[in-house]
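Residue numbers (our numbering), protein chains in the order written: chain A, 31 to 260; chain B, 1437 to 1788. Below you'll find the structure, written out as structure tokens, and then a few comments.
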Amino acid sequence: MLSAGDMQALLLTLKLASTVTIILLFFGIPFSWWLARSHSKLTSLLTALVAMPLILPPTVLGFYLLLLLGPEGPVGKITTQLGIGLFPFTFSGLVIASIIYSLPFTVQPLVSAFEAIPGRTLEVASTLRASPIDAFFSIVLPLSKSGILTAIVLTFAHTVGEFGVILMIGGNIPGETQVVSIQIYDHVESMDYGAAHRLSLIMLVFSFVTLTLLQWIRRRRFAFVPVKSK
Amino acid sequence: MKLGYKLSKGRFNLNVELELPETGISVLYGHSGCGKTTLLRCVAGLEKEADGHFSIGNEVWDNPKTKLKPHKRAIGYVFQEPSLFSHLSVKDNLDYGIKRSIHASKESLNEAISVLGIEHLLDQKPEALSGGEAQRVGIARALALNPKILLFDEPLASLDDNRKREILPYLKRVKRQLSIPMLYVTHAAPEVAMLADHVVVMNEGRVVSSDSLAASLSNESSPLKLNGEISTVLTGQVTEIDKHWHLACLSIYDQKLWLPDAKLSIGDEVRVQILSKDIGLANSAGDASFQNVLKAEIVAINEGEHPSQAIVKAAAGEHAFMVMVTKRALANLALGVGSQVLLQVKSVAIHS
């Protein structure tokens, strides 16, 4: 039913979304924890910066990234000198762009989850002999479970749905940068509405499942509260 | 145990130097905002900005050079509101500290569980507990660590009166069964009367007085007032029960004090509180309606709050009673320091 090209685009999309989600979680969790707990003046500036991709047109973000990472850009020059080569129009370039683009979808749910943990809880842990790192893993992460799940689902889904940034920085190279959203655009451009329908339907179902999953995560917090014994 | 801390928070200044006994309950007593909780948090290492020193036994936790992190201190801390981890069962809440403490053991855990009577709650989640049950688990969790000192931050303040009555007997059991010192923050007079061995009165970040409960209450120049009342707190053993009249007899020195026998049995150790206004003075056995007449000697007479009043301190053996009388009564009875008197006790509050 799906052509080899469509399959390739689907797999590439999944690979991109998983890579980005894993990397963002790895850095997003400590960063969000710091953001939620710090009294530094930097936090409001950083919070604003993190939220930028939410309102910035993806093409603007893609355009600046292209300039930055391109052969004449400051980052591009460094990567060329280091022998890594240039990022635009590569899978790695897509990963970098997607990390920036999806950053708010990781950080915001995590920060809200972490902010909801009272400072008292950490003090209690410290009086029970838990070091701050220990308490982070044994108390903070388990208590933030639904926030972390929300961050994972949102980041993954948002990366899957990317279009503008990818078009700007990744172009349309099959197997390298040609993700589903670009492939659908391609099919429509070439008047192949049947193929566009098939991929679009998959995305439609995916979005619906994702949102249902999110609702389930949110409701679960209340569903398991046991009945008072007395 | 020696401690001293200095801390400034805006307009609030804490400046405290104390030496406290290494057994029993030392109560930090004062109005809210007097710094008693802050002082407790200093001992736990939770106040990062605090400067000071703390030593207990041969261990030093704070001095100008070192400041031990909270998780390195052998403390048990009971917070004002029950602070159980909601994602863990009662059992796992108890185990949390045990796993991380070098002093704790299976025995200390089992002892804590039985002292607080929470065997039947172990498999519950914190949400399923009542406020009183959750606080009992919180106390057991601190106790199970087998700490060098137990710190209580108004453990009953967030509970209603019925829950308070539910927990207090457990606190007394903890006190009876443990030889470690406890610092107990409260602004509630009944808790002082019932639990304190030593009382530190605080006001605006400073120590007003620090002495044993008996000495604080019978301080001649400024007796400690509980709920605004000068009183005497006595501890004695029940030696006799009069089943017919539902009275229990408490031996005070070589004399007897009869109380309502509320669930008491022979051998029980009982604390009673007698308000200074509930004792009358006489120079000879008079009105027979007084059940409790104790022989004593006046050791001091001081001014009361009103110019008509005097506060008489009368000693019966090792016990000092504070009595509020009018100066005219003293003059009519021709009583002065050194006089032998009879104390007529009108009513007694039992804190058993």
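Where is the CB? At the ideal position from N, CA and C, for every residue including glycine.
Cβ-based burial, residue 1591/B [other Cβ within 10 Å; buried from 16]: If you number the second sequence from 1, residue 1591/B lands on position 155. Under this definition residue 1591/B is a buried residue.
Within 8 Å of any Cβ in chain B, is that where the Cβ of residue 250/A sits? The residue given as residue 250/A occupies position 220 in the first sequence. Closer than 8 Å: no.
With a cut-off of 8 Å, do at least 3 Cβ pairs link the segment 152-165 of chain A to the segment 52-59 of chain A? no
Of the residues that make up the segment 1486-1510 of chain B, which ones have a beta carbon closer than 7 Å to any beta carbon in chain A? 1506, 1507
Is residue 110/A helix, strand or coil when you go by DSSP? Locating residue 110/A in the first sequence gives position 80, where the first residue counts as 1. DSSP places residue 110/A in helix when its eight states are reduced to three.
Within 10 Å of its beta-carbon, does residue 85/A have 16 or more other beta-carbons around it, so buried, or fewer, so exposed? What you label residue 85/A is simply residue 55 of the first sequence in a count that begins at 1. Exposed, by the Cβ-count rule.
Going along the segment 1526-1549 of chain B in order, which residues come within less than 7 Å of chain A, judged by CB to CB distance? 1532, 1533, 1536, 1537
In the DSSP output, which residue or residues are listed as bridge partners for residue 1642/B? Against the second sequence, residue 1642/B aligns to sequence position 206. For residue 1642/B, which the question treats as bridged, DSSP gives the partners 1639/B.
What is the rounded straight-line gap between the Cα of residue 1452/B and the Cα of residue 1505/B? For this step, residue 1452/B is matched to residue 16 along the second sequence. For this step, residue 1505/B is matched to residue 69 along the second sequence. Distance between the alpha carbons of residue 1452/B and residue 1505/B is about 21 Å.
Output needed in chain order: residues of the segment 163-184 of chain A with a Cβ under 9 Å from some Cβ in chain B. 164, 165, 168, 169, 172, 173, 175
Could you give the distance in angstroms between the alpha-carbon of residue 1614/B and the alpha-carbon of residue 1577/B? As a first step, residue 1614/B is located in the second sequence; it is residue number 178 there, counting from the start. As a first step, residue 1577/B is located in the second sequence; it is residue number 141 there, counting from the start. If I take the Cα positions, the gap works out to 15 Å.
Beta-carbon spacing of residue 1565/B, residue 1588/B below 8 Å: The count along the second sequence starts at 1 and reaches residue 1565/B at position 129. The count along the second sequence starts at 1 and reaches residue 1588/B at position 152. Contact flag unset, no.
Spatial neighbours of residue 141/A within its chain, please: C-beta separation below 6 Å, excluding the five flanking residues on both sides. Translated into the one-based positions of the first sequence, residue 141/A becomes position 111. Answer for residue 141/A: 62, 65, 66, listed in chain order.
Rounded C-alpha distance that separates residue 1526/B from residue 1570/B: Taking the second sequence and counting its residues from 1, the one referred to as residue 1526/B is at position 90. Taking the second sequence and counting its residues from 1, the one referred to as residue 1570/B is at position 134. Distance between the alpha carbons of residue 1526/B and residue 1570/B is about 9 Å.
Could you tell me the distance, in whole angstroms, from the CA atom of residue 37/A to the CA atom of residue 198/A? As a working mapping, residue 37/A is identified with position 7 in the first sequence. As a working mapping, residue 198/A is identified with position 168 in the first sequence. Rounded to whole angstroms, the separation of the alpha carbons of residue 198/A and residue 37/A is 23 Å.
Euclidean distance between Cα positions of residue 1691/B and residue 1562/B: Translated into positions along the second sequence, residue 1691/B becomes position 255. Translated into positions along the second sequence, residue 1562/B becomes position 126. If you take the alpha carbons of residue 1691/B and residue 1562/B, they lie about 49 Å apart.
Assuming residue 1594/B and residue 1517/B form a contact by the criterion Cβ under 8 Å, report the distance between their Cβ atoms to the nearest whole angstrom. Along the second sequence, one-based indexing puts residue 1594/B at 158. Along the second sequence, one-based indexing puts residue 1517/B at 81. Indeed, because the Cβ distance is near 5 Å, the residues count as touching under 8 Å.
With 16 other Cβ atoms within 10 Å as the buried cut-off, status of residue 1555/B: Within the second sequence, residue 1555/B is the residue found at index 119, counting from 1. It is exposed - the Cβ of residue 1555/B has fewer than 16 other Cβ atoms within 10 Å.
Burial state of residue 1699/B (16 or more Cβ within 10 Å): Counted from its first residue, the second sequence places residue 1699/B at position 263. It is exposed - the Cβ of residue 1699/B has fewer than 16 other Cβ atoms within 10 Å.
Residue 1622/B: which of 1609/B, 1637/B, 1501/B, 1643/B sits nearest, CA to CA? Translated into the one-based positions of the second sequence, residue 1622/B becomes position 186. Residue 1637/B is the option with its Cα nearest to residue 1622/B.
So with Cβ pairs under 8 Å, would you call residue 242/A a contact of chain B? Start at 1 with the first residue of the first sequence, and residue 242/A comes out as number 212. Residue 242/A does not count as touching chain B.
Using 8 Å for Cβ pairs, my map puts residue 1693/B next to residue 1784/B. What's the rounded Cβ distance? Sequence index remark: in the second sequence, residue 1693/B carries index 257 (1-based). Sequence index remark: in the second sequence, residue 1784/B carries index 348 (1-based). Their Cβ separation, rounded to whole angstroms, is 7 Å, which keeps residue 1693/B and residue 1784/B in contact under 8 Å.
Write down the C-beta distance between residue 1766/B and residue 1746/B rounded to the nearest angstrom, noting that I regard them as a contact closer than 8 Å. Position 330 of the second sequence, counted from the first residue, corresponds to residue 1766/B. Position 310 of the second sequence, counted from the first residue, corresponds to residue 1746/B. The pair is a contact, with the Cβ atoms about 6 Å apart (cut-off 8 Å).
Expressed to the nearest angstrom, what Euclidean distance is found between the alpha-carbon atoms of residue 35/A and residue 208/A? If you number the first sequence from 1, residue 35/A lands on position 5. If you number the first sequence from 1, residue 208/A lands on position 178. Rounded to the nearest angstrom, the two C-alpha atoms are 9 Å apart.
Answer yes or no: do residue 1617/B and residue 1575/B have a C-beta to C-beta separation smaller than 8 Å? Here residue 1617/B refers to the residue found at position 181 of the second sequence. Here residue 1575/B refers to the residue found at position 139 of the second sequence. No, Cβ-Cβ distance for residue 1617/B and residue 1575/B is not below 8 Å.
Name the residues in the segment 1458-1488 of chain B whose C-beta lies less than 7 Å from a C-beta of chain A; which are they? 1480, 1482
Runs of beta strand (DSSP E) lying entirely within the segment 1491-1557 of chain B, each at least 3 residues, in chain order: Counting only runs of 3 or more, we get 1495-1498, 1511-1514.
Which term fits residue 235/A, buried or exposed, when burial requires 16 or more other beta carbons within 10 angstroms of its beta carbon? On the first sequence, position 205 is the one that residue 235/A refers to. Classification of residue 235/A: exposed, given that the 10 Å Cβ count is below 16.
Would you list the one or two residues that DSSP bridges to residue 1588/B? Walking along the second sequence from the start, residue 1588/B turns up at place 152. 1514/B, 1620/B, per the DSSP bridge assignment.
If you measure between the beta carbons of residue 1650/B and residue 1669/B, is that distance less than 8 Å? For the purposes of this step, residue 1650/B is identified with residue 214 of the second sequence, where counting begins at 1. For the purposes of this step, residue 1669/B is identified with residue 233 of the second sequence, where counting begins at 1. Cβ distance < 8 Å, so residue 1650/B and residue 1669/B count as in contact.
Pick out the complete alpha helix (DSSP H) segments inside the segment 66-152 of chain A, 4 residues or longer, and give them in chain order. 72-85, 88-99, 104-111, 121-145
List, in order along the chain, the chain A residues whose C-beta lies closer than 7 Å to that of residue 1513/B? As a position in the second sequence, residue 1513/B is number 77, starting the count at 1. What residue 1513/B touches in chain A: 157.
Using the Cβ count rule (16 or more neighbours within 10 Å means buried), how would you classify residue 1629/B? Position 193 of the second sequence, counted from the first residue, corresponds to residue 1629/B. With 16 or more other Cβ atoms within 10 Å, it is buried.
Shortest alpha-carbon distance to residue 1673/B belongs to which of 1683/B, 1688/B, 1667/B? Numbered from 1 along the second sequence, position 237 holds the residue referred to as residue 1673/B. The candidate whose alpha carbon is nearest that of residue 1673/B is 1688/B.
8 Å is my cut-off, CB to CB: does residue 67/A come that close to chain B? Numbered from 1 along the first sequence, position 37 holds the residue referred to as residue 67/A. No, its Cβ sits nowhere closer than 8 Å to a Cβ of chain B.
Taking the C-alpha atoms as reference points, what is the distance between residue 1641/B and residue 1487/B? Within the second sequence, numbered from 1, the residue matching residue 1641/B stands at position 205. Within the second sequence, numbered from 1, the residue matching residue 1487/B stands at position 51. Those two C-alpha atoms are separated by around 14 Å.
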